[in-house]
Amino acid sequence: MREDELRDLVQRSPWLMRALCVVRDSGLPDAWIGAGAIRDLVWGERYGDGFDPTLVRDVDVVFLDPADLSRDNDDRATRRLVAAWPDLPWEAKNQAAVHTWYPAKFGGDPVAPLRTIADAVATWPEYATAVAVRLDAHDRLAVCAPHGLDDLLDGVWRRNPARVSAEISRKRLARHRPTERWPGVRVVT
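In my numbering, the protein residues as written are 280 to 468.
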């Protein structure tokens, strides 16, 4: 099962396991680590020269708090994570609040409120980054991958059209340079 492949890679990373413990113990509601940190781990191990946590640009933590849609809530959540592990580039975002700021930041039409973490993850820019993991109270890894894990595990950079235009995708591709960072990765346009 593909989820077991991902769990194995995550469990072999002391850095990510520690980060997952910090997120779990933070008390943030329905909190997960997703996107680039997961991709960097998998692609570093499978398609590059190994995973180097010092190269992770940010640790995206998503949580769901419909009771507080303020940007202050994101800032408080990020500060809580930084207090627990100051060396990580934490970035916490309340997915219940995305609809309040997304069009102003990225343009386009208004977006519907997100009701679950899976709804949020399903909109992330590439299928390979539309993945999140969390550690439960019993130290079991849960995986959220609404589009599956094939692109992540098979090293495929492919735009998720749910919310990302072709133009934004091209800019992301130029900025992230996946085939330079991970020579075994394939770009599908």
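All C-beta atoms in this analysis are idealised placements derived from N, C-alpha and C, irrespective of residue type, glycine included.
Got a sec? Which residues, its chain only, sit under 7 Å from residue i by beta carbon, not counting five neighbours each side?
| i | result |
| --- | --- |
| VAL379 | Per the sequence shown, residue 379 should be read as Thr rather than Val. Closer than 7 Å at Cβ, skipping near neighbours: LEU348. |
| ARG318 | ALA407, THR408, LEU431 |
Which residues does DSSP pair with residue i in a beta bridge?
| i | result |
| --- | --- |
| CYS423 | ALA411 |
| VAL466 | TRP436 |
| GLU405 | ARG438 |
What number of angstroms, rounded off, separates the C-alpha of residue i from the C-alpha of residue j?
| i | j | result |
| --- | --- | --- |
| ARG350 | ASN439 | 26 Å |
| ASP353 | ASP366 | 18 Å |
| ASP418 | VAL289 | 12 Å |
| ALA445 | ARG281 | 28 Å |
| PRO457 | GLU324 | 14 Å |
| LEU393 | THR333 | 31 Å |
| VAL301 | ASP415 | 12 Å |
| PRO382 | GLN374 | 14 Å |
| GLY427 | TYR406 | 8 Å |
| ARG449 | ALA314 | 18 Å |
| ILE447 | ARG454 | 11 Å |
| ARG437 | ALA363 | 34 Å |
| GLY284 | ARG359 | Residue identity differs from the one stated: residue 284 is Glu in this sequence, not Gly. Distance between the alpha carbons of GLU284 and ARG359 is about 31 Å. |
| LEU431 | THR402 | 15 Å |
| ALA356 | TRP369 | 9 Å |
| ASP309 | ARG286 | 19 Å |
| PRO462 | LEU452 | 14 Å |
| ARG303 | VAL341 | 12 Å |
Just verifying my parser: in three-state terms, what is the DSSP assignment at residue i?
| i | result |
| --- | --- |
| GLY315 | helix |
| ALA298 | helix |
| LEU428 | coil |
| GLY323 | helix |
| PRO308 | coil |
| PRO457 | helix |
Only counting the same chain, and skipping five residues up and downstream in sequence, which positions put a Cβ closer than 8 Å to that of residue i?
| i | result |
| --- | --- |
| LEU320 | LEU288, VAL289, SER292, LEU295, PHE330 |
| ALA298 | ILE312, ALA316, VAL338, TRP364, LEU367 |
Near residue i, what residues of its chain come up, given a Cβ to Cβ distance below 6 Å and the 5 sequence neighbours on each side ignored?
| i | result |
| --- | --- |
| PHE385 | none |
| ARG413 | TRP311, ALA421 |
message: Just to confirm the assignment: which complete beta strand (DSSP E) runs, minimum length 3, are found wholly within the segment 334-386?
response: DSSP runs (the beta strand (DSSP E)) wholly in the segment 334-386: 338-342, 369-373.
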